[in-house]
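I have placed the structure first, in the form of structure tokens, so that the comments after it can refer back to it.
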Amino acid sequence: MVRPARRALRWLVPAVVLLLVGAAAVAVALRGDPDADPASGAAHVRVDGNRLVDARSDRTFVPQGVNWSSFEYACAQGWGYSALDSMLGEDPYTAEATAIARWGANTVRLPLNQDCWLGTRGAPVSDEHEERTPQGYRAEVRRFVDALNRAGLVVVLDLHSRKRMTAPEFGNLAMPDPESLAFWTSVATAYRDVPTVMFDAFNEPYSRYDSADRLVFDLSWPCWRDGGCGAPVEDDRTATDGRVTYPVQGMARVVSTIRAAGADQPVLLGGLDYANDLGHWLEFAPDDDQLVASFHAYDFKACSDRSCWDAVLAPLADSVPVLTGELGAEEPLDGFVEDYLAWAGDHGIGSLFWVWAEHTGDPMSLLAEAPAVPTEWGRLAATLMGGTAGS
Numbered sequence: 002m003v004r005p006a007r008r009a010l011r012w013l014v015p016a017v018v019l020l021l022v023g024a025a026a027v028a029v030a031l032r033g034d035p036d037a038d039p040a041s042g043a044a045h046v047r048v049d050g051n052r053l054v055d056a057r058s059d060r061t062f063v064p065q066g067v068n069w070s071s072f073e074y075a076c077a078q079g080w081g082y083s084a085l086d087s088m089l090g091e092d093p094y095t096a097e098a099t100a101i102a103r104w105g106a107n108t109v110r111l112p113l114n115q116d117c118w119l120g121t122r123g124a125p126v127s128d129e130h131e132e133r134t135p136q137g138y139r140a141e142v143r144r145f146v147d148a149l150n151r152a153g154l155v156v157v158l159d160l161h162s163r164k165r166m167t168a169p170e171f172g173n174l175a176m177p178d179p180e181s182l183a184f185w186t187s188v189a190t191a192y193r194d195v196p197t198v199m200f201d202a203f204n205e206p207y208s209r210y211d212s213a214d215r216l217v218f219d220l221s222w223p224c225w226r227d228g229g230c231g232a233p234v235e236d237d238r239t240a241t242d243g244r245v246t247y248p249v250q251g252m253a254r255v256v257s258t259i260r261a262a263g264a265d266q267p268v269l270l271g272g273l274d275y276a277n278d279l280g281h282w283l284e285f286a287p288d289d290d291q292l293v294a295s296f297h298a299y300d301f302k303a304c305s306d307r308s309c310w311d312a313v314l315a316p317l318a319d320s321v322p323v324l325t326g327e328l329g330a331e332e333p334l335d336g337f338v339e340d341y342l343a344w345a346g347d348h349g350i351g352s353l354f355w356v357w358a359e360h361t362g363d364p365m366s367l368l369a370e371a372p373a374v375p376t377e378w379g380r381l382a383a384t385l386m387g388g389t390a391g392s
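Each position in the sequence shown, counted from 1, maps to that position plus 1 in the numbering used here.
Here is the structure:
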């Protein structure tokens with residue numbers, strides 16, 4: 002599917018559309034100072050059968066929250082490591098985390114850029130004011146993760162994007178490439194002792210069409226799991242004829258890479274068609290007892306009504322935890338989101354809203370202006386999470 006592009010931040014930064022993240026679930030966020038009270042603070046999330054639990058209490062943990070956007074593109078475009086760079090105040094990390102928690106969230110998904118983390122393809126991009134390094138990028142991510150955890154928020158670290166080879170821009174490949182394994186070795190090593198973090202192996206696996214709408218890469222479930230097929234080297238914001246490819250690394254290889262680094266936290270795996278197709282997820286999932294099926298719910302995707310949710314998601318949720326990694330809609334106030342959340346709540350499926358960011362002209366932006374001033378969509382999201390939207 003060809004996805005529409007987002008409009009810019011005030012720096013005219015385009016953000017990828019359809020990386021949408023959904024929200025809302027059943028369950029109450031665990032908050033507080035983890036050092037002060039072992040029963041408070043961000044949950045230590047584990048998979049137990051078909052549910053996520055807080056390992057400290059064995060109580061069911063249903064994620065609800067937001068996607069926090071900008072680490073995936075700011076560093077590739079050259080105006081910062083993330084939007085935190087442009088925020089005023091002594092401690093924007095804590096301020097953002099506190100605002101998100103106030104909205105009723107217990108989980109935040111952080112989309113990351115593979116090249117900015119690794120220092121490949123000339124990323125992160127510096128400018129005349131600041132030299133940016135992969136070490137600096139990693140440090141900024143860690144500072145924000147720590148602030149989110151202190152605010153009682155579980156963090157999902159998501160392999161989301163790459164820098165474009167020929168320009169200071171970003172995009173999303175169809176599947177992990179060989180360098181993705183280096184990314185996950187590094188990330189998993191850095192966070193293997195942090196029980197309040199989960200990993201999202203790859204944002205949105207997809208098939209690819211050329212400019213004439215001809216299928217040039219048909220992602221199959223066997224390749225999704227085992228790799229070995231060749232995906233176009235161009236990202237989803239660049240036209241392709243499918244002739245130049247890279248060797249796809251399957252989800253089994255990504256999971257084994259994370260485990261080899263000593264990290265045993267839950268790993269989210271999105272299905273085909275931009276994580277909207279989970280039809281054969283259970284059949285092809287790698288052999289690991291800490292996997293979560295990640296579903297991206299949008300009203301413009303194929304699996305966008307109760308008949309599909311009943312047929313595909315409900316049986317899957319009987320076997321493994323399902324998390325709506327992204328939840329959004331072209332018109333977020335038209336009822337689709339409330340309908341989905343009501344259904345998901347009945348099935349114990351958590352959701353993360355797309356997107357905590359100020360993207361001018363984007364109806365899925367939860368913020369009208371920073372810091373934490375909500376749009377109408379943002380106010381609805383906060384209400385659905387049981388919190389309060391406001392600065």
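For glycine and all other residues, C-beta sits at the position ideal for the given N, C-alpha and C. Because the structure is a prediction, the values reported are computed rather than measured.
- The residue among LEU381, PRO112 and GLY50 with its C-alpha nearest the C-alpha of ALA318 is GLY50.
- The secondary-structure analysis by DSSP pairs MET199 across a beta bridge with VAL157.
- One alpha carbon belongs to ARG165, the other to CYS76, and they sit about 12 Å apart.
- Shown here, THR95 sits in a helix according to DSSP, grouped into three states.
- When the Cα atoms are used, PRO64 and PHE200 turn out to be separated by approximately 14 Å.
- Per DSSP, reduced to three states, the secondary structure at SER212 is coil, with no helix or strand assignment.
- The Cβ atoms of ARG144 and PRO322 lie no closer than 8 Å to each other.
- Residue environment analysis places HIS130 among the exposed positions, since fewer than 16 neighbouring C-beta atoms fall within 10 angstroms of its C-beta.
- Sequence-distant partners of ASN114 (beyond 5 residues in either direction) whose C-beta falls short of 6 Å from its own C-beta, in its chain, are GLU73, CYS76, ALA77 and SER162.
- The beta carbon of GLY90 lies closer than 6 Å to those of ALA96 in the same chain, with the five residues before and after it left out.
- One alpha carbon belongs to THR246, the other to TRP225, and they sit about 16 Å apart.
- From the listed residues ALA382, LEU220 and ARG151, the smallest Cα separation to TYR207 is found for LEU220.
- Around the CB of SER366, 16 or more other CB atoms lie within 10 Å, so the residue is classed as buried.
- Out of GLY351, ASP278 and PHE285, the CA that lies nearest to the CA of ALA303 is found in ASP278.
- According to the DSSP assignment, LEU353 belongs to the beta strand (DSSP E) that extends over 351 to 357.
- A residue is called buried when at least 16 other Cβ atoms come within 10 angstroms of its Cβ; GLN136 does not meet this threshold and is exposed.
- For ALA148, the CB contacts under 6 Å within the same chain, skipping 5 residues up- and downstream, are TYR94, THR95 and ALA98 in chain order.
- Nearest to GLY362 by alpha-carbon distance, out of ARG133, GLU331, LEU381 and LEU385, is GLU331.
- Here the C-alpha atom of TRP69 lies approximately 30 Å from the C-alpha atom of ASP288.
- About 6 Å separates the beta carbon of ALA294 from that of LEU270, a gap short enough to meet the 8 Å contact definition.
- Annotation: TRP118 to ALA383 spans about 31 Å, alpha carbon to alpha carbon.
- Residue range 337 to 347 is occupied by the alpha helix (DSSP H) that includes LEU342.
- Counting only residues of its own chain and dropping the five nearest sequence neighbours on each side, PRO375 has a CB closer than 6 Å to the CB of ALA390.
- For PRO248, DSSP records a beta bridge to GLY231.
- Following the DSSP letters along the chain, one finds PRO112 inside the beta strand (DSSP E) bounded by residues 108 to 114.
- Annotation: TRP282 to ASP214 spans about 26 Å, alpha carbon to alpha carbon.
- A Cβ-Cβ distance of about 6 Å is found for the pair VAL188 and LEU158, placing them in contact under the 8 Å criterion.
- Of all alpha-carbon atoms in HIS360, ASP128 and PRO364, the one lying nearest the alpha-carbon of SER71 is that of HIS360.
- Shortest Cα-Cα distance from ILE259 to any of ARG60, ASP194, VAL313 and ASP236 involves ASP194.
- DSSP places GLU180 in the uninterrupted alpha helix (DSSP H) bounded by 179 to 192.
- Remark: C-beta atoms of ALA175 and ALA240 do not approach each other more closely than 8 Å.
- Contact check for TYR192 against PRO125 fails: the beta carbons are separated by 8 Å or more.
- Between the alpha carbons of ASP306 and PHE296 lies a distance of about 13 Å.
- Closest option to ALA315, judged by alpha-carbon separation, among ALA168, ALA345, SER87 and ALA276: ALA345.
- Taking 8 Å as the cut-off, the Cβ atoms of ASP211 and ASP242 count as close.
- Counting along the chain, ARG52 sits inside the beta strand (DSSP E) bounded by residues 52 to 55.
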